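The structure under discussion appears below in the form of structure tokens.
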Amino acid sequence: MMERAFIIGTGLIGASIGLALRAAGFGGRIDGWDTSQLEMASAVQMGAIDGRAASRENALELARLADVTVLAVPVLAIKDWMQQLAPVLRAGQLVTDVGSTKLEIVELARQLFADDATAVFLPGHPMAGKESGGALLAEAGLFDGAMWLFTPVSAEMTAIEKDWRGWVGCFGSRTLDMDAARHDELCAWVSHLPQMLSTALAALLEEKFGDAPEIAAIGGRALRETTRLGASPYSMWRDVAMTNTGPVADTLLALEQRLQHVRENLRTPELRNEFVLANRFRQRR
1 MMERAFIIGT
11 GLIGASIGLA
21 LRAAGFGGRI
31 DGWDTSQLEM
41 ASAVQMGAID
51 GRAASRENAL
61 ELARLADVTV
71 LAVPVLAIKD
81 WMQQLAPVLR
91 AGQLVTDVGS
101 TKLEIVELAR
111 QLFADDATAV
121 FLPGHPMAGK
131 ESGGALLAEA
141 GLFDGAMWLF
151 TPVSAEMTAI
161 EKDWRGWVGC
171 FGSRTLDMDA
181 ARHDELCAWV
191 SHLPQMLSTA
201 LAALLEEKFG
211 DAPEIAAIGG
221 RALRETTRLG
231 ASPYSMWRDV
241 AMTNTGPVAD
251 TLLALEQRLQ
261 HVRENLRTPE
271 LRNEFVLANR
281 FRQRR
């Protein structure tokens with residue numbers, strides 16, 4: 001059913017979706033838009049998109065022509081595009097996103113896309129990415145083996161939604177539907193907390209030691225692994241912190257309390273119990 005796709009945001013995820021569609025055999029047209037002319041040019045050059053919008057106004061025109069529009073931008077920008085797209089799209093079209101938080105998006109979708117005369121909105125979140133962004137890092141296999149989460153607005157699934165889900169399966173992704181609030185709670189623990197922990201540790205080490213050569217010499221693999229996510233730019237995580245503040249704050253408080261417990265029991269058997277629990281968690285994964 002999908003013969004034409006439009007990708008808003010041609011960075012790492014957006015360009016990778018374009019490449020994944022081509023690799024999966026999609027023969028229709030793929031257009032794109034990005035605030036960065038460089039990102040759009042890179043996406044065209046690598047074959048992720050066929051054409052690019054000349055302006056935001058032109059982007060709305062291309063969205064009107066598309067069967068599926070993918071919002072591959074940060075969460076606050078997703079919400080802004082939802083406001084712009086809802087009045088101009090028609091029944092039978094699909095808008096989906098790749099945002100890292102879902103509750104605010106679902107709530108807005110229920111307001112904007114509830115009319116049978118407008119497009120369908122399917123919130124999505126591929127659990128895939130890299131520490132750095134940009135179209136030049138995009139790859140067709142980015143989603144292969146990854147979990148692609150959906151938090152549907154409606155229990156009824158339209159034909160175009162089924163079609164898009166089918167393409168996601170062709171990317172090699174596994175799919176899972178869940179409640180939006182549950183999604184944000186779980187992602188706060190398994191994705192957002194690790195990022196904040198790595199960022200805080202890397203920032204602490206930078207503040208404490210700066211460019212001291214001894215750190216690089218003795219840090220080794222453990223330091224590289226625990227601070228790897230610290231290379232992520234603020235621009236990728238600002239919207240997550242702003243739209244999932246409560247759940248992320250809850251995880252940070254729980255971690256603070258756990259670290260205090262460890263600190264207070266460095267010389268007691270309680271420390272051994274922490275290692276036992278940690279080992280058990282890792283063995284199950």
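Residues in the sequence shown are numbered from 1 upward in steps of one, following UniProt numbering.
From the three backbone atoms N, C-alpha and C, an ideal C-beta is built for every residue, glycine too.
Remember, predicted model here, so these are calculated numbers, not experimental data.
- Spatial neighbours of I17 in its own chain (CB-CB distance under 7 Å, excluding positions within 5 residues in sequence) are listed in chain order as I7, V70, A72.
- Counting only the Cα atoms, G99 lies some 6 Å from H125.
- Annotation: the continuous beta strand (DSSP E) that includes G32 extends over 29-33.
- Residue range 37-45 is occupied by the alpha helix (DSSP H) that includes M40.
- Within 10 angstroms of the beta-carbon of I218 lie fewer than 16 other beta-carbons, which makes it exposed.
- Taken atom to atom, the span from the alpha-carbon of A86 to that of A146 is near 30 Å.
- A direct Cα-to-Cα measurement between E206 and V68 gives close to 44 Å.
- The alpha carbon of W81 has as its nearest neighbour, out of I160, D97, L193, the alpha carbon of D97.
- Residue burial is scored here from C-beta neighbours: M157 has fewer than 16 other C-beta atoms within 10 angstroms and is therefore classed as exposed.
- In the DSSP assignment, I78 falls within the alpha helix (DSSP H) that extends over 75-85.
- For P194, the closest alpha carbon among the candidates T251, R52, F275 is that of T251.
- Residue N244 holds the alpha-carbon nearest to the alpha-carbon of A180 among N244, I13, D115, V44.
- Scanning its chain for C-beta atoms nearer than 6 Å, with the 5 sequence neighbours on each side dropped, one finds around A231 the residues E131, in chain order.
- Distances from the alpha-carbon of P74 to those of A43, W237, R282 put W237 closest.
- Here the C-alpha atom of P269 lies approximately 15 Å from the C-alpha atom of R258.
- Counting the other Cβ atoms within 10 Å of the Cβ of T101 gives 16 or more, which makes it buried.
- In terms of Cβ geometry, L19 and A5 do not form a close pair [threshold 8 Å].
- Boundaries of the beta strand (DSSP E) around L71: 68-71.
- In this structure, the beta-carbon distance from A109 to L12 does not fall below 8 Å.
- Taking the Cβ atoms as the reference, T10 lies roughly 4 Å from A43, within the contact range of under 8 Å.
- Only residues of its own chain outside the window of five on either side were considered, and among them L12, K130 have a CB closer than 7 Å to the CB of L137, listed in chain order.
- DSSP, read as helix, strand or coil, puts R258 in helix.
- Going by DSSP, F281 is part of no beta strand (DSSP E) but of the alpha helix (DSSP H) stretching over 270-283.
- Residue pairing by DSSP places H125 opposite L149 in a beta bridge.
- Across the set H183, W189, G141, V120, the C-alpha of V120 shows the shortest separation from the C-alpha of A159.
- Your pair S191 and T227 does not check out as a contact, with CB atoms roughly 17 Å apart and the cut at 8 Å.
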